[in-house]
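Number of protein chains: 2
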Amino acid sequence: MRNDDRFDQTDARLLLALAAQPRATAVALAEETGLSRNTVQSRLLRLEQPGVLDTFEQRIPPRALGYPLTALVTMVVTQQRLDEVADALAGVPEVLQVHGISGQPDLFVHVVAEDADDLYRIAGQMLAIPGVERTNTALVMRELVSYRIRPLLEKRVLPPASR
Amino acid sequence: MRNDDRFDQTDARLLLALAAQPRATAVALAEETGLSRNTVQSRLLRLEQPGVLDTFEQRIPPRALGYPLTALVTMVVTQQRLDEVADALAGVPEVLQVHGISGQPDLFVHVVAEDADDLYRIAGQMLAIPGVERTNTALVMRELVSYRIRPLLEKRVLPPASR
DNA sequence: ATCCAATTATGCGATCTGCTCAACTCGAAG
DNA sequence: CTTCGAGTTGAGCAGATCGCATAATTGGAT
């Protein structure tokens, strides 16, 4: 049984081309990558299969939807109720992502808000969830390094010597 | 002067359709949204302009590149050296994103690693950066709520009463 | 009532897609 | 070394889509 959910070098090259022009046609991607159109097409088909690439939603900036504020909230939770709390958090639209982490804060919550008042309201909503013992909110002032994964991608494409 | 970098309801509907089928043709999107093909095309053109949508890289899961471990690292930094530290962090491929935040930890760093040893190595690299005073690493055990922005999108599409 | 920007409708040739088939490459197994 | 098979390539074809233009329509602001 092969490991199908892992990108090989061909995938990586294709993804780099897609990163440059996300809506490029298969023909254009074939030229860009040096692969044949057939290969590009069959690879694309697999990539857009559910569970392979992350969702398109990742590309939608909250700022452009009217949510310029981002906050990172850590939470200490009554451990037995962790799943309950997660469900309750999922009910809050402004909660974009929740991570369960090791160590003292149990949860890590990514939140957006329209303004300071809005954030205060959302923080209140989160504190009111049964099982939440303590929270700490940090406002994001600046994105010093924007999300990027290209360095890792290129690492997979370039090195012909290592493997 | 209009506010061009903000999505209206039409954009939101288009984005929802794209979320369902990221590589759908303009014709298909027109049908799905009830808009004309021309509108879809001109909107798409604007959306793929640099600086409007986030990069395609957001959709590439690090796990599929061989980085199954995710860690969230908080940092206390000599404040005058904040930009220096950010630059140094940008030089580490496994650093996917860095946020400057308000409060005691100054930086928030999103890191991936191949395994525990790899993470240890990367953590060492980060600690060695001049200006870094203290770090705290938390391992991500589970993604309790996967990144999603659809709730906010739908909020913009549905409510004809509120505005 | 008038104006203006955005959307829609329609049409055109060039391009691309979805699909198929045969030939080729190359590493693994026998 | 030979055989096998998966992945890739090249070629071809009908039909769909794209990119672009032009004119009509809509709906909100002046």
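Chains F and B, in that order, give the protein sequences.
The first sequence finishes on residue 481 if you use the working numbering, and the numbering steps up by one all the way, no holes.
The second sequence finishes on residue 481 if you use the working numbering, and the numbering steps up by one all the way, no holes.
C-beta: ideal position from N, C-alpha, C; glycine also.
### Query
Near F:Q327, what residues of its chain come up, given a Cβ to Cβ distance below 7 Å and the 5 sequence neighbours on each side ignored?
Once the five neighbours on either side are set aside, the close Cβ partners of F:Q327 are R474, V475.
Checklist entry - What's the gap between the Cα of B:T343 and the Cα of F:T396? => result 48 Å
Shortest alpha-carbon distance to B:T373 belongs to which of F:L336, F:L470, F:R452?
Per the Cα distances, F:L336.
(Q) Pop quiz: B:R355 and B:D329 are said to be a contact at Cβ under 8 Å. What is the actual Cβ separation, rounded to whole angstroms? (A) Not a contact, Cβ separation roughly 16 Å.
Residue ranges of each alpha helix (DSSP H) within the stretch 426-454 of chain F, 4 or longer: 434-445
- Task: With a 10 Å radius around its C-beta and 16 neighbouring C-beta atoms as the bar for buried, classify F:R324 as buried or exposed.
- Result: exposed
Next on the checklist: I'd like to know whether the C-beta atoms of F:A456 and B:G421 end up nearer to each other than 8 Å.
Outcome noted: yes
Three-state secondary structure assigned by DSSP to B:E484
The structure shown does not extend to residue 484 of chain B, since chain B spans only 319 to 481, so no value can be given for it.
Taking F:I419 as the reference, which of F:P411, F:A404, F:A408 has the closest Cα?
-> Closest by alpha carbon: F:A404.
ask   = With a CB to CB cut of under 6 Å and the five nearest residues on each side skipped, what residues in its chain are close to B:T388?
value = V430, V458.
Give the DSSP-derived three-state secondary structure of F:R481 in the structure shown.
Low confidence applies here, because F:R481 scores a pLDDT of 39, under 50, leaving its location unreliable and the question unanswered by this model.
- Taking DSSP as the reference, what is the three-state secondary structure of F:R474? helix
Please check the pair B:I467 and F:I378, which I expect to be a contact at CB under 8 Å, by giving their CB distance rounded to whole angstroms.
5 Å
- Task: Starting from B:Q359, follow its DSSP beta bridges and name the residues at the other end.
- Result: Looking at the DSSP assignment, B:Q359 forms no beta bridge with any residue, so it has no partner.
**Asked** Between F:R481 and B:P411, what straight-line distance do the alpha-carbon atoms span, to the nearest angstrom?
**Response** No answer about F:R481 holds up, because its pLDDT of 39 lies below 50 and its placement is not dependable.
> Where B:L462 and B:R399 are concerned, what is the direct C-alpha to C-alpha distance, given to the nearest angstrom?
Replying inline: 35 Å
Chain F contacts made by the stretch 448-476 of chain B, where a contact means CB separation under 9 Å: For the stretch 448-476 of chain B, which is checked against every Cβ of chain F, the residues closer than 9 Å are N454, T455, A456, L457, V458, M459, R460, E461, L462, V463, S464, Y465, R466, I467, R468, P469, L470, L471, E472, K473, R474.
- Item | Range covered by the alpha helix (DSSP H) that runs through F:V403 | For F:V403, the enclosing alpha helix (DSSP H) has its first and last residue at 400-408.
TODO: Can you have a look at B:Q376 and say buried or exposed, based on whether 16 or more other CB atoms are within 10 angstroms of its CB?
DONE: buried
Could you tell me whether any Cβ in chain B is nearer than 8 Å to the Cβ of F:Y438?
no
Three-way DSSP call (helix, strand, coil) for F:L507 in this model: Missing from the structure shown is residue 507 of chain F; chain F here goes from 319 to 481 and no further.
task: With DSSP as the reference, label F:A344 as helix, strand or coil.
output: helix
Are the beta-carbon atoms belonging to B:V413 and B:N454 less than 8 Å from one another? no
Q. Of all the CB atoms in chain B, is at least one closer than 8 Å to the CB of F:Q556?
A. With chain F covering 319 to 481 only, the question about residue 556 of chain F has no answer from this structure.
From what residue to what residue does the alpha helix (DSSP H) around F:L383 run? Here F:L383 belongs to no alpha helix (DSSP H), and DSSP marks it neither H nor E.
Excluding the 5 residues flanking F:L445 on each side, which residues of the same chain have their C-beta closer than 8 Å to its C-beta?
T453
Proximity winner among B:A406, B:P423, B:R460, B:D433, relative to F:Q415 (alpha-carbon distances)
Among B:A406, B:P423, B:R460, B:D433, the Cα nearest to that of F:Q415 is on B:R460.
If we cut at 8 Å on Cβ distances, does B:P357 have a partner in chain F?
-> First, the residue type needs correcting, since residue 357 of chain B is Thr and not Pro in the sequence shown. No, its Cβ sits nowhere closer than 8 Å to a Cβ of chain F.
Next item on the list: Go to B:Q339, then tell me how far its beta strand (DSSP E) extends in each direction, as first and last residue.
Entry: Careful: B:Q339 lies outside any beta strand (DSSP E) and carries neither H nor E.
**Message:** Run through the DSSP bridge pairs and tell me what F:Q415 is partnered with.
**Reply:** DSSP output for F:Q415 lists F:H428 as bridge partner(s).
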